[in-house]
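Structure, as structure tokens:
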Amino acid sequence: MTAFAVGDEVLGSSSTPSYAQFALADPAALVTRPADVSWEVAGSLAGAGGTAWKVLDLLGVATDETLLIHAAAGGVGVLAVQLAVARGVRVIGTASESNHELLRSLGAIPITYGDGLADRVRAVAPQGVDAVLDASGRGELPVSIELAGGPERVLTIAAFDAADHGIRFHVGGGGEDTVQAIQDILGLIKDGRLQVPIWRTYPLTEAAAALEASRAGHLGGKIVLLPA
Numbered sequence: 291m292t293a294f295a296v297g298d299e300v301l302g303s304s305s306t307p308s309y310a311q312f313a314l315a316d317p318a319a320l321v322t323r324p325a326d327v328s329w330e331v332a333g334s335l336a337g338a339g340g341t342a343w344k345v346l347d348l349l350g351v352a353t354d355e356t357l358l359i360h361a362a363a364g365g366v367g368v369l370a371v372q373l374a375v376a377r378g379v380r381v382i383g384t385a386s387e388s389n390h391e392l393l394r395s396l397g398a399i400p401i402t403y404g405d406g407l408a409d410r411v412r413a414v415a416p417q418g419v420d421a422v423l424d425a426s427g428r429g430e431l432p433v434s435i436e437l438a439g440g441p442e443r444v445l446t447i448a449a450f451d452a453a454d455h456g457i458r459f460h461v462g463g464g465g466e467d468t469v470q471a472i473q474d475i476l477g478l479i480k481d482g483r484l485q486v487p488i489w490r491t492y493p494l495t496e497a498a499a500a501l502e503a504s505r506a507g508h509l510g511g512k513i514v515l516l517p518a
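Here it is as structure tokens:
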């Protein structure tokens, strides 16, 4: 017996991650899709939302702390920004100039990435930052360690040389906390405190193009694959 019946609309994690029209899932890993949450948004919550929720938990960010997020306008970044803001955290987000207004609208302080990043961060956070989330993976780890005063509260989901810098590398999305993450995010959406910007959708047949767009960066929200 489960809480769901044939035809119920649900969202969550599948048992075997894949790009497919059909998937198997443990009912315990699913929640009911609210009628006012679109499928594009619903499809973004388990992966990007679960990851954003989990990494903030791992970093232990708390009210009145300052968090630096690299690639803050990307799929995970835009959700991590809003989840952190909801906790009362001051967020600084790196992004291209074209996405600065988006970050401001979400409650973050936007700065441009690239040469001189440390100086730009210190201009808005003279004492440095308490924690750093790297969702970019484009060489930001040394400056992140410098700004955070050490590697202990720096975490990456994108830099494969993390171990060389003594940094934690997180994979696995929200893990066993995915359902809790989804429920928390849905609550914030209902209260009007969180939005899920959809940068672009692709049909399933164009999954390779979607991955290439993701690797290229400069996104302004989430990329979503549609089944047809």
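For the sequence shown, our numbering begins at 291 and goes up steadily by one. Ideal Cβ placement from N, Cα and C applies to all residues, glycine included.
- In the DSSP secondary-structure assignment, Lys480 is not bridged to any residue.
- Under DSSP, Val514 takes part in a beta bridge, and its partners are Thr491.
- Following the DSSP letters along the chain, one finds His390 in no beta strand (DSSP E) but inside the alpha helix (DSSP H) bounded by residues His390 to Leu396.
- The Cβ atoms of Ala374 and Val351 lie closer than 8 Å to each other.
- Minimum Cα-Cα distance from Ala362 among the listed residues Ile513, Thr322, His508 and Ser334 corresponds to His508.
- In the three-state DSSP reduction, Ala421 falls in the strand class (E or B).
- A straight line joining the alpha-carbon of Thr495 with that of Gln311 spans about 11 Å.
- Rounded to the nearest whole angstrom, the C-alpha separation of Ala453 and Ala408 is 22 Å.
- Setting aside the 5 residues that flank it on each side, Trp489 is surrounded in the same chain by Leu509, Gly510, Gly511, Lys512 and Ile513, each with a C-beta closer than 7 Å to its C-beta; the list follows chain order.
- Inter-residue distance for Pro432 and His455 is about 8 Å (C-alpha atoms, whole angstroms).
- The residue among Val414, Gly406 and Val327 with its C-alpha nearest the C-alpha of Leu301 is Val327.
- In terms of Cα proximity to Ile359, the closest of Thr384, Asp481 and Phe294 is Thr384.
- In the DSSP assignment, Ile435 falls within the unbroken alpha helix (DSSP H) covering Leu431 to Ala438.
- Looking at Ala336, Gly365 and Val379, the one whose alpha-carbon comes closest to that of Thr353 is Val379.
- Judged by DSSP secondary structure, Leu301 falls outside any alpha helix (DSSP H) and instead within the beta strand (DSSP E) spanning Val300 to Gly302.
- For Ser426, the number of other beta carbons within 10 angstroms of its own is at least 16, and it is reported as buried.
- Per DSSP, the beta-bridge partners of Thr356 are Arg380.
- In the DSSP assignment, Leu445 falls within the unbroken beta strand (DSSP E) covering Val444 to Thr446.
- With contacts defined by Cβ atoms closer than 8 Å, Leu369 and Ala338 form a contacting pair.
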